[in-house]
Amino acid sequence: MRSLFWRILATFWLAIALVAGLSMLLGRALNQDAWILSQHPGLDGLDQQWAELYEQRGERAAQRFLEERKRQYRIDTQVIGENGLPLVKGTFPPRAAAFEQRNRDRPLPWRQLTTEYSSANGETYLFIYRIPHPELAAWHRDSLFWPLSALIIALVVLTLFSLLLTLSITRPLDRLRGAVHDLGQTTYQQNSLARLATRRDELGLLAKDFNRMGERLQGLIGSQRQLLRDVSHELRSPLARLRIALALAERAEPAEREKLWPRLNQECDRLEALISEILELARLDADPGAAQPIEIATILAKLQDDARLSAPQQQVLIESDEALPLQGWPDMLERALDNLLRNALRFNPGDQPIEISAQRVGARLHLSVRDHGPGAAEEYLQELGKPFFRAPGQSSPGHGLGLAIARRAAQRHGGELLLSNHPNGGFVATLDLPCAAQPNRA
Numbered sequence: 235m236r237s238l239f240w241r242i243l244a245t246f247w248l249a250i251a252l253v254a255g256l257s258m259l260l261g262r263a264l265n266q267d268a269w270i271l272s273q274h275p276g277l278d279g280l281d282q283q284w285a286e287l288y289e290q291r292g293e294r295a296a297q298r299f300l301e302e303r304k305r306q307y308r309i310d311t312q313v314i315g316e317n318g319l320p321l322v323k324g325t326f327p328p329r330a331a332a333f334e335q336r337n338r339d340r341p342l343p344w345r346q347l348t349t350e351y352s353s354a355n356g357e358t359y360l361f362i363y364r365i366p367h368p369e370l371a372a373w374h375r376d377s378l379f380w381p382l383s384a385l386i387i388a389l390v391v392l393t394l395f396s397l398l399l400t401l402s403i404t405r406p407l408d409r410l411r412g413a414v415h416d417l418g419q420t421t422y423q424q425n426s427l428a429r430l431a432t433r434r435d436e437l438g439l440l441a442k443d444f445n446r447m448g449e450r451l452q453g454l455i456g457s458q459r460q461l462l463r464d465v466s467h468e469l470r471s472p473l474a475r476l477r478i479a480l481a482l483a484e485r486a487e488p489a490e491r492e493k494l495w496p497r498l499n500q501e502c503d504r505l506e507a508l509i510s511e512i513l514e515l516a517r518l519d520a521d522p523g524a525a526q527p528i529e530i531a532t533i534l535a536k537l538q539d540d541a542r543l544s545a546p547q548q549q550v551l552i553e554s555d556e557a558l559p560l561q562g563w564p565d566m567l568e569r570a571l572d573n574l575l576r577n578a579l580r581f582n583p584g585d586q587p588i589e590i591s592a593q594r595v596g597a598r599l600h601l602s603v604r605d606h607g608p609g610a611a612e613e614y615l616q617e618l619g620k621p622f623f624r625a626p627g628q629s630s631p632g633h634g635l636g637l638a639i640a641r642r643a644a645q646r647h648g649g650e651l652l653l654s655n656h657p658n659g660g661f662v663a664t665l666d667l668p669c670a671a672q673p674n675r676a
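Numbering of the sequence shown is given in our numbering, commencing with residue 235 and proceeding in unit increments.
Written out as structure tokens, the structure reads:
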């Protein structure tokens with residue numbers, strides 16, 4: 235993965251290296267013979283002025299001109315004619331010429347430059363200049379072109395790299411800001427950060443996490459809206475029956491009115507049970523507090539006792555391993571298992587037992603409730619567990635919230651609810667939970 239940290243660091247050092255490299259290239263360019271000949275004040279126009287003096291006023295005036303230039307700029311000059319011989323004495327001492335002859339293969343204390351000049355009379359002159367290195371270095375230091383050029387190069391390079399780096403960071407942040415705004419307006423689209431999520435740096439990871447968060451929030455919002463629609467639909471039926479019963483009671487005689495009171499009480503009980511289940515489902519989304527160790531055997535024994543009281547004709551068998559480590563919320567898990575047991579009691583025939591098992595399978599804990607009823611159609615197994623969903627043709631009482639409560643409780647414990655038909659007949663609901671795992675507070 236290309237980290238944003240390394241990208242910023244590489245950009246910083248690349249800019250510095252590029253500035254240094256361009257500065258070195260500029261320095262080499264400014265040290266070329268052609269540049270020195272055209273820009274050094276001691277050489278600028280010297281060949282033309284000397285040629286005019288030599289042709290108009292003779293050798294003596296031309297020699298004095300070269301000597302004055304040497305006193306002013308410390309530059310030695312020789313002028314060679316077309317015949318290869320010096321036209322004037324020049325300013326290069328014979329001792330220096332001998333020294334140069336003896337040390338041709340060694341560095342010399344001066345820089346030698348040559349150039350040709352053709353005068354208006356058609357004469358061609360060869361000028362040989364020898365500039366001492368200290369004089370050349372002093373000229374470079376005093377010239378403003380070099381520092382200004384280096385400063386301009388640094389500004390251009392750093393501005394370009396800073397602009398590219400800034401755009402590579404601010405553009406994704408702008409897209410993220412737009413996505414946050416869309417999410418706040420509930421108009422977030424999953425593909426709005428698709429390109430950004432392909433980046434292989436921290437911003438790409440942030441976009442992927444934001445996509446997952448947006449998908450989760452949209453799912454929660456959609457589930458909430460669907461739950462409100464389902465709740466309003468489910469509440470409408472008992473309320474309508476209550477209104478009908480009240481209307482009949484108002485018009486009935488006292489004797490007939492007495493017969494309607496049990497029906498009114500029954501509808502009130504159904505409405506109260508529905509509201510209790512809705513509140514229980516909503517309560518699972520609240521913060522349940524700190525997790526604690528759960529005694530599975532105690533919960534199963536309590537469920538067995540409750541089943542003997544509510545359905546004495548039904549037999550409940552419990553099969554449990556001894557060591558079942560689990561962290562979570564006992565009340566929540568007990569309510570989930572109670573819903574699974576009550577769901578099994580609705581469908582289980584009286585001559586067959588309901589089997590509850592608690593087994594450890596590797597790092598997982600399986601809490602299963604099996605009945606010997608007709609089971610469920612395969613195409614509805616994925617839908618069971620959704621709030622208010624009931625399989626078509628189901629005539630038993632209930633609002634489709636028992637399995638939804640069990641599924642949400644399993645998710646809060648970091649597990650899931652598995653629903654299937656048993657190979658030997660009946661229906662199996664299993665809470666698949668991690669052993670002693672950290673519960674999910676999301």
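Backbone N, C-alpha and C fix where the C-beta goes; we use that ideal spot for every residue, glycine too.
These figures come from a predicted structure and were not determined experimentally.
Supposed contact pair residue j and residue i - C-beta distance, whole angstroms, cut 8 Å
i: Val313; j: Tyr359; result: 6 Å
i: Ile639; j: Ala531; result: Going by Cβ atoms, the distance from Ile639 to Ala531 rounds to 22 Å, so no, they are not a contact pair.
i: Leu537; j: Leu601; result: No, Leu537 and Leu601 are not in contact; Cβ-Cβ is about 11 Å, not under 8 Å.
i: Arg576; j: Gly636; result: 6 Å
i: Leu653; j: Asp435; result: That belief does not hold up - the Cβ atoms of Leu653 and Asp435 are roughly 42 Å apart, past 8 Å.
i: Leu534; j: Ile552; result: 5 Å
i: Gly276; j: Arg303; result: 6 Å
i: Pro367; j: Pro343; result: Here the sequence assigns His to residue 367, which means Pro is not the residue at that position. Rounded, the Cβ-Cβ distance is 6 Å, consistent with contact.
i: Pro406; j: Leu454; result: That pair is no contact at about 26 Å.
Exposure of residue i, with buried meaning 16 or more beta-carbon neighbours within 10 Å
i: Ile588; result: buried
i: Arg429; result: exposed
i: Val391; result: buried
i: Asp408; result: exposed
i: Phe333; result: exposed
i: Ala676; result: Below a pLDDT of 50, predicted positions are generally treated as unreliable, and Ala676, at 49, falls in that range; no measurement from the model is reported.
i: Ala251; result: exposed
i: Ala268; result: exposed
i: Gly649; result: buried
i: Asn445; result: buried
i: Asn499; result: exposed
i: Pro657; result: exposed
i: Gly255; result: exposed
i: Leu319; result: exposed
CB contact flag (residue i, residue j, <8 Å)
i: Ser544; j: Ala592; result: no
i: Leu574; j: Val603; result: yes
i: Gly607; j: Leu651; result: no
i: Glu350; j: Arg308; result: no
i: Gly609; j: Phe661; result: yes
i: Gly584; j: Gln548; result: yes
i: Leu451; j: Leu417; result: yes
i: Arg336; j: Ile365; result: no
i: Ala384; j: Ser257; result: yes
i: Leu667; j: Arg598; result: yes
i: Cys669; j: Arg580; result: no
i: Leu410; j: Leu440; result: yes
i: Leu347; j: Ile270; result: yes
i: Arg497; j: Ala479; result: yes
i: Ile528; j: Gln561; result: yes
i: Phe361; j: Thr311; result: yes
i: Ala483; j: Arg491; result: yes
Where residue i falls: helix, strand or coil (DSSP)
i: Ile250; result: helix
i: Phe395; result: helix
i: Gly660; result: coil
i: Phe326; result: coil
i: Arg580; result: helix
i: Pro368; result: helix
i: Ala676; result: Annotation note: pLDDT 49 at Ala676 (below 50); position unreliable, no value reported.
i: Pro275; result: coil
i: Leu360; result: strand
i: Ile455; result: helix
i: Ala545; result: coil
i: Trp344; result: strand
i: Ser554; result: strand
i: Ile528; result: coil
Proximity to residue i [Cα-Cα], best of the options
i: Ser352; options: Pro657, Tyr288, Ala578; result: Tyr288
i: Trp284; options: Gln346, Ala354, Ala249; result: Ala354
i: Val414; options: Arg345, Arg291, Asp443, Glu334; result: Asp443
i: Ala644; options: Asn658, Gly659, Ile509, Trp563; result: Trp563
i: Ile512; options: Arg642, Glu302, Asp539; result: Arg642
i: Leu399; options: Pro657, Gln266, Trp247, Glu514; result: Trp247
i: Gln586; options: Pro546, Pro559, Thr432, Gln616; result: Pro546
i: Ile403; options: Arg594, Asn655, Arg241; result: Arg241
i: Tyr614; options: Asn655, His647, Gly648, Arg646; result: Asn655
i: Glu301; options: Ala254, Thr325, Phe361, Gln561; result: Thr325
i: Glu506; options: Leu389, His647, Leu476, Asn582; result: Leu476
i: Ala388; options: Gln616, Pro559, Ala249; result: Ala249
i: Leu243; options: Glu293, Ser396, Arg433, Ala483; result: Ser396
Check: residue i C-beta below 7 Å from any heavy atom of the ligand COA
i: Cys502; result: Among the components modelled here there is no ligand, and therefore nothing to report on the ligand COA.
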